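In my numbering, the protein residues as written are 4 to 136.
Written below as structure tokens is the structure these notes are about.
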Amino acid sequence: MEKVRHQLFLPKPLSDRLEALAAKPGASKSAILVDAVTAWLNRRGASELEERFAIRLDRLTQAIGRVDRETYLILETLALFIRFELAIQTPLAENDHAGRALGAKRFEAFVTQVGRQVSTGRRTLGAVPEEGA
């Protein structure tokens with residue numbers, strides 16, 4: 004790799020620290036400065052990336068929070084509905100074929116309605132309000 008010579012001025016205390024580090028075996032001023040400048044530039048680049056993507060990441064974090072809240076509301080609603088239905092419905096007798104057929108027909112209608120709502124993007128209850136609103 005080609006090297007370019009640079010002449011620079013350092014404050015006396017910093018120059019003294021550089022001299023002390025370079026005096027150690029296997030160390031050189033050039034190697035120390037290359038490592039220091041490389042580390043500084045890498046941090047600077049990371050900072051610029053963070054600044055560039057921070058707003059977008061914040062928005063994604065908020066969106067994930069809303070999805071998490073909506074999912075929680077849906078699961079809680081479903082669990083309460085199932086508990087309620089199981090508490091009030093009496094089990095069908097083994098020989099109640101008409102009742103079982105009616106249940107299967109109602110379930111099929113329910114699944115069809117859910118599919119229709121999902122495919123059109125409509126919501127039965129509308130948007131879930133945000134937390135703190």
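Glycine included, every Cβ here is placed at the ideal spot set by N, Cα and C.
What you are looking at is a predicted structure, and each value in this text was computed from that prediction instead of being measured.
Worksheet item: For residue 31, does the three-state DSSP call read helix, strand or coil?
Response: Translated into positions along the sequence shown, residue 31 becomes position 28. If DSSP states are grouped into helix, strand and coil, residue 31 belongs with coil.
Item to complete: Using alpha carbons as the reference points, say which of 22, 37, 25 and 13 lies closest to residue 7.
Response: On the sequence shown, position 4 is the one that residue 7 refers to. If we check each option's Cα against that of residue 7, 37 comes out closest.
Item to complete: Please list the segments of the alpha helix (DSSP H) lying wholly inside the region 49-93, counting only runs of 4 or more residues, in order along the chain.
Response: none
Worksheet entry | Spatial neighbours of residue 103 in its chain, beta-carbon cut-off 7 angstroms, leaving aside the 5 residues before and after | Counted from its first residue, the sequence shown places residue 103 at position 100. The residues are 95.
Practice prompt. Please check the pair residue 32 and residue 25, which I expect to be a contact at CB under 8 angstroms, by giving their CB distance rounded to whole angstroms.
Written response: Here residue 32 corresponds to residue number 29 of the sequence shown, with the count starting at 1. Here residue 25 corresponds to residue number 22 of the sequence shown, with the count starting at 1. The Cβ separation is near 5 angstroms, so the contact holds.
Worksheet item: Out of curiosity, what's the CA-to-CA distance linking residue 46 and residue 13?
Response: Indexing the sequence shown from 1 puts residue 46 at position 43. Indexing the sequence shown from 1 puts residue 13 at position 10. If I take the Cα positions, the gap works out to 21 angstroms.
Fill in: Backbone secondary structure at residue 100 - three-state DSSP
Within the sequence shown, residue 100 is the residue found at index 97, counting from 1. DSSP places residue 100 in helix when its eight states are reduced to three.
Worksheet entry | residue 51 versus residue 44 - alpha carbon distance | As a working mapping, residue 51 is identified with position 48 in the sequence shown. As a working mapping, residue 44 is identified with position 41 in the sequence shown. Their Cα atoms are separated by approximately 11 angstroms.
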